[in-house]
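Worksheet for the structure shown next.
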Amino acid sequence: MDLSSARAAFFFEARDQRAILEKALLDSEAVELDEETFNLMFRVAHTIKGSAGLFGMDAIVRFTHLVENVLDRLRSGEVTLSKELVSLLLAANDHIGLLLDVVEHDDSVATVNQPGGEELMTKLLAFSTMTHIPGDRKPQVFVTPSRPQHPVEEGLLRGKVVASSAYHLSVRFAPNLFETGIDPTCFLRFLKTLGEIKRVIPVFSHLPPLLAFNPEVCYFGFDVQLASDADAERILNAFDFVIPGTQVELLPPHAQLSDFVALRARLPEAPEEIAARWLACGALTEAEAAELHAEAAEEREGELHEGNTGLTASQAAASRQIERRSADNQYIKVEASKLDRLINKVGELVIASDATTAVADRRRDIELTESVKAINQLVADIRDDALKLRMVIMGEVFGRFPRVVRDASEILGKQIELVIKGAEAEIDKSMVEKLTDPLMHLVRNAIDHGIETPELRLARGKPVVGTVELRAYHDSSCVVIEVADDGGGLNRDKILAKAIEKNLVSAGTNLSDTEVFKLIFQPGFSTAEKITDLSGRGVGMDVVRRNIEALRGSIEILNSEEQGTTFRIRLPLTLAIIDGFRVQVGDTLLVVPVDMMYECVEMPADLQQDKARQINLRGEWLPYISLRELFQLGEVDKGSEYVVIVQYSGRRAGLVVDRLLGEFQAVIKPLGIIFKALQGISGSTILGNGEPALILDIPQLVQFAWKLEHAQIRRNGNSSQNDVYRVTQDIPI
100 MDLSSARAAF FFEARDQRAI LEKALLDSEA VELDEETFNL MFRVAHTIKG
150 SAGLFGMDAI VRFTHLVENV LDRLRSGEVT LSKELVSLLL AANDHIGLLL
200 DVVEHDDSVA TVNQPGGEEL MTKLLAFSTM THIPGDRKPQ VFVTPSRPQH
250 PVEEGLLRGK VVASSAYHLS VRFAPNLFET GIDPTCFLRF LKTLGEIKRV
300 IPVFSHLPPL LAFNPEVCYF GFDVQLASDA DAERILNAFD FVIPGTQVEL
350 LPPHAQLSDF VALRARLPEA PEEIAARWLA CGALTEAEAA ELHAEAAEER
400 EGELHEGNTG LTASQAAASR QIERRSADNQ YIKVEASKLD RLINKVGELV
450 IASDATTAVA DRRRDIELTE SVKAINQLVA DIRDDALKLR MVIMGEVFGR
500 FPRVVRDASE ILGKQIELVI KGAEAEIDKS MVEKLTDPLM HLVRNAIDHG
550 IETPELRLAR GKPVVGTVEL RAYHDSSCVV IEVADDGGGL NRDKILAKAI
600 EKNLVSAGTN LSDTEVFKLI FQPGFSTAEK ITDLSGRGVG MDVVRRNIEA
650 LRGSIEILNS EEQGTTFRIR LPLTLAIIDG FRVQVGDTLL VVPVDMMYEC
700 VEMPADLQQD KARQINLRGE WLPYISLREL FQLGEVDKGS EYVVIVQYSG
750 RRAGLVVDRL LGEFQAVIKP LGIIFKALQG ISGSTILGNG EPALILDIPQ
800 LVQFAWKLEH AQIRRNGNSS QNDVYRVTQD IPI
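Take the sequence shown: its letter number 454 is residue 553 in our numbering, and every next letter is one higher.
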């Protein structure tokens with residue numbers, strides 16, 4: 100039987116569970132945890148252990164069992180969650196992650212301990228209760244708040260209490276269980292780890308005639324008597340991975356006969372068959388089985404638990420499990436590759452839609468044009484919804500850093516607070532993994548080199564506790580991510596001296612602050628006086644810039660010496676499809692992202708090319724550049740020219756073009772290797788008529804326009820009024 104899909108689901112879920120445990124442990128250092136959080140941490144360890152047991156991953160089961168025992172003692176109040184224990188549990192959680200990684204790639208080591216595991220197990224044993232022998236504790240008594248505290252007394256008051264001191268478990272699997280690749284007998288093997296299985300009675304009540312038998316349908320169920328010290332919730336958690344449609348019923352030791360009456364009503368088989376099965380498995384004695392029918396007749400269904408305002412512990416556990424599953428069912432986990440294929444198909448649909456629009460325009464058929472417009476709107480909606488499927492919140496990225504800051508602070512002996520803002524901002528899932536490493540470098544550098552030692556901070560009049568901030572927000576069609584610290588800032592003179600020493604710049608070169616700070620992105624550049632385990636080797640900042648640029652993004656530095664540094668990263672919201680605006684320069688078609696457009700205006704006829712490149716847009720002076728000259732696209736067109744006003748990072752600039760062709764949906768295609776270094780171009784697309792068009796890199800062009808303006812000002816001083824051309828007529832987009 101193919102278990103690959105079930106194994107993949109296990110590893111995915113287990114890593115999610117690890118993240119939950121790590122967050123709870125880190126939160127414990129800031130706030131006092133409540134009972135529910137302790138229970139949550141216990142469930143995490145128990146779920147990982149139980150699920151690993153189903154796949155025979157003994158190494159994970161053994162190790163996680165120790166973690167589970169410690170967490171069990173924590174929630175019962177037998178041990179206190181100290182800083183030492185938090186560190187131990189975090190290390191144990193990391194080791195579980197290591198075991199998951201190793202086993203995922205090599206099944207043959209599923210039962211083998213990994214380096215570091217023995218030492219952690221020894222430390223966990225010191226906090227756990229591994230010395231007791233299963234069965235030497237008295238059976239757990241499960242009662243409701245309104246019932247007496249002893250089962251025998253309750254039986255005298257409420258009716259007959261069964262003699263069995265074991266749990267009774269009735270399981271009826273969903274017919275499509277085999278589709279998940281799960282073997283039903285795995286649950287029995289796991290239950291054996293919780294105690295002694297007294298008796299198992301298989302249930303085949305719905306087995307069809309031979310000719311109607313389907314080997315892909317599960318007709319199996321079972322009734323089990325389990326003697327165990329585990330509580331009801333631990334037993335029910337064994338079934339966390341069964342699919343909806345599976346019925347799991349649990350009765351505690353010494354349950355009331357009326358509880359069996361209620362359970363019999365919930366099971367699908369005939370009452371006589373159920374009673375006979377319970378007698379066979381030892382859940383009921385012959386006398387109790389005989390009384391079962393009479394008990395049901397005496398008590399009306401609405402009076403089975405008269406006066407009972409609560410639930411038994413097993414019912415409460417089952418209820419909580421159902422609630423958790425209901426919450427889980429609000430989400431569907433989908434492989435990322437399937438989403439990528441969907442986005443690609445939507446992209447092709449967009450191109451086909453544009454082609455249909457071109458046909459409708461040529462035929463000048465009003466009805467066809469209206470129909471195509473309606474289809475285009477639906478395609479646009481599908482595109483937007485499809486792209487949203489691939490968006491995740493930045494909290495998924497930021498959630499990794501509280502642990503990084505905590506561990507680095509301990510290593511360096513610094514007190515650092517991590518502040519996260521804008522975790523709800525969304526980013527394309529495809530960017531997440533590529534963004535993690537650059538952010539990791541920046542955060543570690545902020546901790547190591549940015550935040551000063553406590554002594555130096557006090558000397559500078561700062562709080563002893565340094566602050567590192569992770570911020571995210573949307574700006575136009577970009578998501579902006581900032582890594583800021585309130586440390587010592589970048590030392591301009593030291594950076595420049597190191598650059599001269601490495602022959603990156605010549606002595607006496609007049610560089611702006613921005614140009615100096617960008618030198619830290621050179622390969623091998625570092626001003627650190629000593630190397631640490633965190634940073635200081637000059638490896639990383641060049642990788643940061645390279646990774647950001649690979650995502651069609653940019654990074655800039657805002658610095659205030661002795662006050663702190665901010666690294667600002669700008670990334671496109673999506674790498675797949677955008678709303679574009681077509682323009683033409685000569686015979687070349689170009690695309691401007693609509694989200695970065697401000698407006699389009701007509702250029703005055705008396706524009707003189709040898710003057711300063713500035714225009715006055717209703718009182719605002721803006722630099723502009725001619726795309727014809729920049730890309731060397733042939734002779735000047737004698738017709739009218741237009742200026743497309745674009746904006747990026749709070750700045751505006753003009754792009755001079757020959758024609759304005761209107762909006763369309765652009766499917767972004769990557770540039771080939773030959774064109775990777777092409778300045779001012781970020782990608783390409785295919786138009787509806789099959790022609791290619793280049794997508795303009797607006798951030799780069801805006802920066803280039805302003806750089807040209809600053810160079811002109813340095814050469815000639817401020818532009819005179821004669822050097823500036825005023826635009827008076829707007830052209831609507």
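Heads up, the beta-carbon is just placed ideally off N, CA and C, and yes, glycines get one too. Predicted model, so just to flag it, every value in this text is computed and none were measured.
#1: On a Cα-Cα basis, can you pick out the residue from Ile546, Phe497 and Glu516 that is closest to Glu523?
#2: At 3 residues or longer, and completely inside the region 509 to 545: list those beta strand (DSSP E) runs for me, N to C.
#3: How far does the alpha helix (DSSP H) with Phe730 in it reach, from first residue to last?
#4: Give me, in chain order, the residues of the same chain whose beta-carbon lies closer than 6 Å to that of Glu660; leave out the 5 immediate sequence neighbours on both sides.
#5: The alpha helix (DSSP H) spanning Leu116 covers which residue range?
#6: Taking 8 Å as the cut-off, decide whether the C-beta atoms of Arg489 and Lys528 are in contact.
#7: Grab me the residues of Pro283's own chain with a C-beta within less than 6 Å of its C-beta, minus the 5 sequence neighbours each way, in chain order.
#8: On the premise that Gly565 lies in contact with Asp584, defined as a C-beta separation below 8 Å, what is that separation, rounded to the nearest angstrom?
#9: For the alpha helix (DSSP H) containing Glu469, name the first residue and the last one.
#10: Compute the beta-carbon to beta-carbon distance between Val563 and Leu569, rounded to the nearest angstrom, for a pair I have assumed lies under 8 Å.
#11: To which residues of the same chain is Glu551 closer than 6 Å at the C-beta, ignoring the five residues directly before and after it?
#12: Per the DSSP calculation, Glu698 is bridged to which residue(s)?
#13: Return the chain-ordered list of same chain residues with a C-beta closer than 6 Å to the C-beta of Leu786, the five sequence neighbours on each side being excluded.
#14: Does the region 570 to 581 come within contact of the region 662 to 673, defined as at least 3 CB pairs closer than 8 Å?
#15: Using 7 Å as the cut-off, classify the Cβ of Met695 as near or not near the heavy atoms of the ligand MN, replying yes or no.
#16: What residue range does the beta strand (DSSP E) around Lys297 cover?
#17: Taking Cβ positions, are Val491 and Ile515 nearer each other than 8 Å?
#18: According to DSSP, what are the bridge partners of Thr664?
#19: On the DSSP letters alone, give me the boundaries of the alpha helix (DSSP H) that Asp460 sits inside.
#20: With distances taken Cα to Cα, identify the nearest neighbour of Glu701 among Gln621, Ala485 and Ile714.
#21: Are the beta-carbon atoms of Leu335 and Lys297 separated by less than 8 Å?
#22: In whole angstroms, give me the CA-to-CA distance for Arg106 and Val185.
#23: I need the DSSP call for Lys432, collapsed to helix, strand or coil.
#24: Taking DSSP's pairing of strands, which residues face Arg161 in a bridge?
#25: Let me confirm a value: Ala265 is counted as buried when at least 16 other C-beta atoms fall within 10 Å, else exposed. Which label applies?
#26: Mind reading off the beta-carbon distance from Gln845 to Asp678? Whole number of angstroms is fine, and I expect it under 8 Å.
#27: Between Leu189 and the rest of its own chain, which residues show a CB-CB distance below 6 Å, the 5 nearest in sequence each way excluded?
#28: Measure the Cβ-Cβ separation of Val690 and Arg750 and say whether it is below 8 Å.
#29: Pick helix, strand or coil for Lys768, following the three-state DSSP scheme.
#30: Identify whether Asp592 lies in helix, strand or coil by the three-state DSSP scheme.
#31: Report the option in Ala361, Leu198, Ser269 and Leu309 whose CA atom is closest to the CA atom of Val299.
#32: Is the beta carbon of Phe685 less than 8 Å from the beta carbon of Asp796?
#33: Beta-carbon within less than 6 Å of Glu315's beta-carbon, same chain only, minus the 5 sequence neighbours each way: which residues are those?
#34: To which residues of the same chain is Asp115 closer than 6 Å at the C-beta, ignoring the five residues directly before and after it?
#35: Skipping 5 residues on each side, what residues in its chain have a beta carbon closer than 7 Å to that of Leu290?
#36: Could you please give the first and the last residue of the uninterrupted beta strand (DSSP E) stretch that includes Val347?
Straight from the coordinates:
#1: Cα-wise, what sits closest to Glu523 is Phe497.
#2: 515 to 520 and 525 to 527
#3: Leu726 to Phe730
#4: Gly588
#5: Before going further, note that residue 116 is Gln rather than Leu in the sequence given. Start and end: Ser103 to Asp126.
#6: yes
#7: So the qualifying residues of the chain are Phe272 and Phe319.
#8: 7 Å
#9: Ile465 to Leu488
#10: So it is not a contact: roughly 21 Å between Cβ atoms.
#11: Gly586 and Gly587
#12: Ile744
#13: Ala792
#14: They touch, by the three-pair rule.
#15: Among the ligands in the structure shown, none appear at all, so the ligand MN cannot be discussed.
#16: Run containing Lys297: Gly294 to Val302, per the beta strand (DSSP E) assignment.
#17: no
#18: Thr664 pairs with Asp584 and Asn658.
#19: Asp460: member of the alpha helix (DSSP H) spanning Ala435 to Arg462, first to last residue.
#20: Ile714
#21: no
#22: 30 Å
#23: coil
#24: DSSP, once it has assigned bridges, lists no residue as partnering Arg161.
#25: buried
#26: Given a span of 100 to 832 for the chain in the structure shown, any question on residue 845 remains unanswerable.
#27: Leu124
#28: no
#29: DSSP places Lys768 in strand when its eight states are reduced to three.
#30: helix
#31: The option with the nearest alpha carbon to Val299 is Ser269.
#32: One detail in the question is off: residue 685 reads as Gly in this sequence, not Phe. Their beta carbons are not under 8 Å apart, which means Gly685 does not touch Asp796 by this criterion.
#33: Contacts found: Phe277.
#34: none
#35: Ile296, Val323, Leu325 and Ala337
#36: Gln346 to Leu350
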